[in-house]
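Taken in sequence, the protein lines are chains A, B and C. The first sequence: position 86 = 86 (the working numbering), numbered continuously. The second sequence: position 123 = 1123 (the working numbering), numbered continuously. The third sequence: position 72 = 2072 (the working numbering), numbered continuously. Yeah, the Cβ is synthetic: ideal placement off N, Cα and C, and Gly gets one too.
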Amino acid sequence: MTIATRLCDLGIVLPQPAAPVASYVPVVTAGGLAYVSGQLPFIDGALVTGRMGEGPTLEQGIAAARACALMILAQLQGAGVALDRVERIVKLGVFVNSTPDFTDQPKVANGASDLMVEVFGPAGRHARSAVGAILPLAALVEVDAIVALSPA
Amino acid sequence: MTIATRLCDLGIVLPQPAAPVASYVPVVTAGGLAYVSGQLPFIDGALVTGRMGEGPTLEQGIAAARACALMILAQLQGAGVALDRVERIVKLGVFVNSTPDFTDQPKVANGASDLMVEVFGPAGRHARSAVGAILPLAALVEVDAIVALSPA
Amino acid sequence: MTIATRLCDLGIVLPQPAAPVASYVPVVTAGGLAYVSGQLPFIDGALVTGRMGEGPTLEQGIAAARACALMILAQLQGAGVALDRVERIVKLGVFVNSTPDFTDQPKVANGASDLMVEVFGPAGRHARSAVGAILPLAALVEVDAIVALSPA
């Protein structure tokens, strides 16, 4: 089964890949690995903003992390990397916009992690770090990725 | 000398590898590198919590960073990677739970860095970034790693 | 044209590579990639300190990020890696010392990104993550890097 079919079966439509908000590129490939820039969460075309611990619910945080993961896939595709070439999601770096007292970053980050496993199965199981930070544009979550690819 | 002997000589007993607190895996290997997920500090089985700058001493921070490094080794072993295959500790990413006014993240992070050099000698000398962040479960330190392995 | 000539044409003089503020090394090479430790901003030999959102201007933030990028190049050279071997700047990790309300980390980070493109042209275009954090020694910015190298 192709990943396109799998996305379709899951009812997932990838977003338009967002333009970088600055002077860098969304994806660089080196040595068989794709390095994907930190992606912000867009749902229905709107940036999800806020800070965990002062308003957004855990569900909203999880949905934002999932949206970041979808944008990672959209960026790979937008950079000409067919998703069927994904051999392994190697590493996700998850930054959660957090008040000093919010400590459930792992639960939020699961929104991204679970999406990868839904889409890629065992190949979607990755290493991860998840921390609280202060985020660009007041985004609720930012996720970057390292992805192992099979030869084109 | 094997690393097992070296650990024994140093009086170091690796902890039980902690289960991921979320839906990811502790170690992914790709292209000869092992990517180890961010590890939290456990000492005598208990998570070390707190925030540098409002209670914990520098010594406690250093001990917590060292505990994260030990957990990285335990996770490698738990994932079936013999520690004798470590060719180089390539990179540590150190996140220190910090108040806005705490600026000694490098001293805290040395707890992890020094442990790697103690155990692996020159092969333990690594690149590193160390920053203050807000951490999961109020952990005092989180450390992730990239490790170069010789073929199994 | 060599990178040395290019730097000269741009009027750029690399700084002295700063000694690590702790027990790690500035550069580790593995599998054709150089991992450069998080670099702090030095301008005229002095560390640039402060926190975006409570004093420093955007221009000062950008200049600090650029100084971090120059230090990355200085560290590569100091580690014996000729800059002409740079095939691609693969990834920059940018940490901006930020108050909770500062959200222009991407604009600050562009100081580092733009420098890489000035020096290396298309090979300088990289993936990037940029977040706000609490930084060592109250530095205004910290940047680490992954750089693809051609064989020595």
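Query                                                                                                                                                                                        : Result
Around the C-beta of L1010 (chain B), are 16 or more other C-beta atoms found within 10 angstroms, so that it is buried, or is it exposed?                                                   : exposed
Short of 8 Å Cβ to Cβ, which residues in the segment 125-136 of chain A face chain C?                                                                                                        : A133, I134, L135 and P136
Rounded to whole angstroms, what is the Cα-Cα separation between R85 (chain A) and F120 (chain A)?                                                                                           : 11 Å
Using the C-alpha atoms, what's the distance from L2083 (chain C) back to A2004 (chain C)?                                                                                                   : 8 Å
Thinking V1036 (chain B) and Q1077 (chain B) are a contact (beta carbons under 8 Å), I'd like their distance in whole angstroms, please.                                                     : Going by Cβ atoms, the distance from V1036 (chain B) to Q1077 (chain B) rounds to 11 Å, so no, they are not a contact pair.
The beta strand (DSSP E) with D144 (chain A) in it runs from where to where?                                                                                                                 : V141 to L149
With 16 as the cutoff for other CB atoms within 10 Å, does T2103 (chain C) come out buried or exposed?                                                                                       : buried
Would you say S1023 (chain B) faces chain C, with C-beta separation under 7 Å as the test?                                                                                                   : no
Out of curiosity, what's the CA-to-CA distance linking G1031 (chain B) and V108 (chain A)?                                                                                                   : 29 Å
Grab the span of the beta strand (DSSP E) containing A2030 (chain C) for me, first residue to last.                                                                                          : V2027 to A2030
Tell me, to the nearest whole angstrom, how far the beta carbon of N1097 (chain B) is from that of G1050 (chain B); I am working on the premise that it is less than 8 Å.                    : 7 Å
Among all the DSSP beta bridges, which residues are the ones paired with T49 (chain A)?                                                                                                      : A:A139
Leaving aside the five residues before and after A2148 (chain C) along the sequence, list all residues of the same chain whose C-beta is less than 7 Å from its C-beta, in chain order.      : G2032, L2033, E2087, R2088 and V2090
Around the Cβ of E54 (chain A), are there at least 16 other Cβ atoms within 10 angstroms (buried) or fewer (exposed)?                                                                        : exposed
Might you give, ordered along the chain, the residues of its own chain that have their beta carbon closer than 7 Å to the beta carbon of M116 (chain A), omitting 5 neighbours on each side? : A69, I89, G124 and H126
The beta strand (DSSP E) spanning L2115 (chain C) covers which residue range?                                                                                                                : Unbroken run through L2115 (chain C) is the alpha helix (DSSP H), Q2105 to F2120; no beta strand (DSSP E).
G111 (chain A) and R66 (chain A) look like a contact to me (Cβ under 8 Å); what is the Cβ gap, rounded to whole Å?                                                                           : 4 Å
What residue range is occupied by the uninterrupted alpha helix (DSSP H) comprising R1153 (chain B)?                                                                                         : Any answer about residue 1153 (chain B) is impossible in this case: the structure gives chain B only from 1001 up to 1152.
Can you name, in chain order, every residue of its own chain whose Cβ lies under 6 Å from the Cβ of A2145 (chain C), other than the five neighbours on each side?                            : V2036, I2072 and L2092
Measuring only the C-alpha atoms, how far is A2019 (chain C) from P2026 (chain C)?                                                                                                           : 8 Å
Whole angstroms are fine: how far does the CA of Q1060 (chain B) sit from the CA of I2012 (chain C)?                                                                                         : 43 Å
Under 8 Å by Cβ, that's how I've got P2056 (chain C) and L2140 (chain C) pegged, so tell me the actual separation to the nearest angstrom.                                                   : 6 Å
Under a CB-based cut-off of 7 Å, is V55 (chain A) close to chain C?                                                                                                                          : It should be pointed out that residue 55 (chain A) corresponds to Gly in this sequence rather than to Val. So, not an interface residue.
Does the Cβ-Cβ distance between S2023 (chain C) and D1114 (chain B) come in under 7 Å?                                                                                                       : yes
Check whether the Cβ atoms of P106 (chain A) and P1136 (chain B) lie closer than 7 Å to each other.                                                                                          : yes
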